[in-house]
Amino acid sequence: MRYWFAFVLLILSTNRVVPQDIAQFDPISTDNAAMLEEVGILGRGSANTLDWHPDGKLLAVGSSTGVWLLDEVLEIVAETPVRQSITDLAWSPDGSRIALVSSEKGRCTVQIWDADFVVQELSLAKCGIEVRWKASGDHLAVFDFNTLGRTSNQVLLIDVMTKEILILPGQDGAWSPTGDILFTQLRPTFTYFDTPTIYAWDSTSGDRLFSLDISDIESSYVFWGIDDQTLAIHCTSYDEDSDRVSLGICSLDVRSGESRLLTEVSDFFLGECICIYTFGWNDDITLLAYVYDRLTPGFLSSTIVINATTDESDYVGRGEVFDWKPASNQITTILGNGELSTYDAQTAEVTASSELFTAPISMIAIRPGTDQIASASFGYEQDTRIWEFRHSWLDPLLSFYIEPGEIADYTPDGKELIAGGTVGTDIVINQNVIALDADTAKYTRDIEGFYDQGDSPPRRFWNADYTEYAEVVRDGSILLPNAVSIQTSNVLEDVSWSPNGSTIATVERVPDDYSFDIRTWDATTGENINSYTSGMFAYRGLVWSPDSSKIAVLLEHPTGSNVYIRGLRVFSVIPGERYEFDRHDYQVFLDVNTYQYLLQAKAAWNSDSTMLAVAVMDQLQIHDLQSEGEPLVTLPAYEVTDLEWSSDNRFIAGGSEDGTIRLWAVPLEG
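The opening residue of the sequence shown carries number 20 in my numbering; numbering runs sequentially from there.
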């Protein structure tokens, strides 16, 4: 096949980054901060979507960093020229083209490439969530919908040959099996309030053939077209006597409005959080797969397969996104945006797996004095990784599994990596935090361990080297390692040790008031040193300066109209000193329903505690604490979930929700 030759050329010609040494970066200072720039991205990012080539030998994966091509054993064959975050992609029925939709910081495109990713046949500045080809491959439908209803309420019908584009009303929909009919569904959303309707369109002319008012029909997502006038849709039923809800697939005749149950998928008690989505048939229409999600922390989405002949369903594996491998009973899934697995749908055996991609990152840590960065990802079954950009920008130096994985932190001497975390479900709380040898990732000691179905783990707050902790006891006081107690007066939100272990900071929420108090205490005597109040701001985190003299407190305040002011204040912990540095002018416009706690302001100190890096949503700023004027520099950032400044001041690293780690530095001149 001709595309193999082109893929080899792409491997040679599209390397994005070259491993570097930290000696190539100048230490960041107030004098050169204006020259700070993004110097690289670690990792391939999170895997968002996938589609098998019709020949079953090539898998296209769309990630937050572009499109990647994998073979049958899920190993990388090639990169492609596509460098945007991919929302969806699909090979044409004959495999000669691939369509994709991308979204990068609000800029959307619809693209069509030839199979070799050499010629871009179409690039359209339009948004979309899903692309679907007509059976003949001469038309492409682009659907624009999401779970929150933020959508253009438009479906694009693209003639691939003439590039003519028709805009049809709708958010989701499906092709009929012949491709002669395109169904679109227009439902009420935040931006659309008219009569919910399903339409049937002639796919060649774009003429409306018929439509159905679905105001009185319990219809949600459209799964597939059964014939030229019938759709398979998501449907539910409720039994008042038992309080049970049944989820199923129903047929809907778009001409008559008649609906009937095709198959029951799942049932649960009213009040439970259950969701089913992403249905898809294998090639011979004998096996139907779907995703089952309990929507509960700690529970993973499952891929279930229904046998169409027996109507029996079986658990196959884990994953939120899947695609059937052509001419087989194998199914490939993406779990937690990071792990790819191919399963035999009849035996549930894993036939191939890959950890080439990274789930959204929850925490990063720079190993002191090195260019090594540890990362932990969201999710119950995600790997902890150690990256070294001198070694590779795409693949980690080490990758290992710890359950659960949400913490990555080095001890001050850099000899141990702290990993693990706590996950609570509606059944059990699992806590597992351990120390590992920073060079080999081998176990060295336990930090915390807890597993219980009815109780909660102790509230312990560890010092910098994880050898001592302060514990919140039953009366609400804080017990120090030397048996001295600290008595707080309000609702305790957080406790944090200074890097040198001499001071403890407490954060107390003031009841019935949108504010909190910060108090610092002598870790030996338990005596109060200083106290500050946030004013009308909510607490969103605390970062000690390396010299243990100051605290950066991360703030948030809603002002109405879905506007959040986010920023920070810096307080001194030196007795009698009232130094304060205020930066709370970051206004972030967010829909309330898309509010994400993990995308709060993040901060990191330079080594001499004179400068602060601050990340808020899509920007990174560097502040000089000697001046409350404008920031020294403002740069683009990408949904930063954690921020670190290297101890030698040569680079700043930001972990991202897109599964990457971005590095900013000042390259040496020349």
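Glycine included, C-beta positions come from ideal geometry on N, C-alpha and C.
What you are looking at is a predicted structure, and each value in this text was computed from that prediction instead of being measured.
- The beta-bridge partner set that DSSP reports for Met636 is empty.
- Residues of the same chain with a CB within less than 8 Å of the CB of Asp286, apart from the 5 flanking positions on each side, are Arg263, Val264, Ser265, Leu266 in chain order.
- For Met54, the secondary structure class from DSSP, reduced to helix, strand or coil, is helix.
- Nearest neighbour of Ala623 by Cα position, chosen from Glu658, Leu644, Trp664, turns out to be Trp664.
- Distance between Ile217 and Val86, taken at the CA atoms: about 33 Å.
- In the three-state DSSP reduction, Gln365 falls in the coil class, being neither helix nor strand.
- Around the Cβ of Lys344, a 10 Å sphere holds 16 or more other Cβ atoms; the residue is buried.
- Bounds of the beta strand (DSSP E) holding Asp333 are 332-337.
- DSSP places Ala395 in the strand class (E or B) of the three-state scheme.
- Between the stretch 274-284 and the stretch 341-360 there are fewer than three C-beta pairs closer than 8 Å, too few to call the two in contact.
- Under DSSP, Glu663 shares a beta bridge with Ala672.
- By the neighbour-count criterion, in which a residue is buried when 16 or more other Cβ atoms sit within 10 angstroms of its Cβ, Tyr558 is buried.
- Just so you know, the alpha carbons of Asp677 and Leu413 end up roughly 14 Å apart.
- Taking C-beta separations shorter than 6 Å and ignoring five residues to either side along the sequence, the partners of Leu93 in its chain run Leu359, Ala371, Ser373, following chain order.
- Per DSSP, the beta-bridge partners of Ala438 are Ala427, Ile453.
- DSSP places Ile41 within a helical segment (H, G or I) once states are collapsed to three.
- Rounded to whole angstroms, the separation of the alpha carbons of Glu259 and Val241 is 26 Å.
- Taking the CA atoms as reference points, Ser239 sits about 24 Å from Leu119.
- In this chain, the beta strand (DSSP E) harbouring Gly244 covers 241-246.
- Contact annotation: Arg493 and Tyr429 have beta-carbon atoms that are not nearer than 7 Å.
- The DSSP assignment places 488-491, 510-516, 522-528 as complete runs of the beta strand (DSSP E) inside the stretch 486-538, in order along the chain (cut-off: 3 residues).
- The stretch 218-225 makes contact with the stretch 189-200: 3 or more CB pairs, one atom from each, lie closer than 8 Å.
- Secondary structure at Pro207: coil, using DSSP grouped into helix, strand and coil.
- For Ser418, the uninterrupted beta strand (DSSP E) segment begins and ends at 417-420.
- Taking 7 Å as the cut-off, the beta carbon of Ser626 is found closer than this to the beta carbon of Asn668.
- In the three-state DSSP reduction, Ser224 falls in the coil class, being neither helix nor strand.
- It is roughly 48 Å from the alpha-carbon of Thr351 to the alpha-carbon of Ser534.
- When DSSP reads this structure, Tyr257 sits in a beta bridge with Val264.
- Distance between Ser320 and Val335, taken at the CA atoms: about 11 Å.
- Between the alpha carbons of Glu649 and Ile641 lies a gap of roughly 9 Å.
- Taking all protein chains in view, the Cβ of Leu78 is crowded by 16 or more other Cβ atoms within 10 Å, so the residue is classified as buried.
- The beta-carbon distance between Gly424 and Asp390, rounded to whole angstroms, is 22 Å. This is too long to meet the 8 Å contact definition.
- Looking from the CA of Ala395, the closest CA among Ile47, Leu662, Leu88, His72 belongs to Leu662.
- Pairing Leu687 with Asp50 gives a Cβ-Cβ distance that is not under 7 Å.
- Counting the other CB atoms within 10 Å of its CB gives Gly673 a total of 16 or more, which places it among the buried residues.
- In the structure shown, Trp412 falls within a coil segment according to DSSP collapsed to helix, strand and coil.
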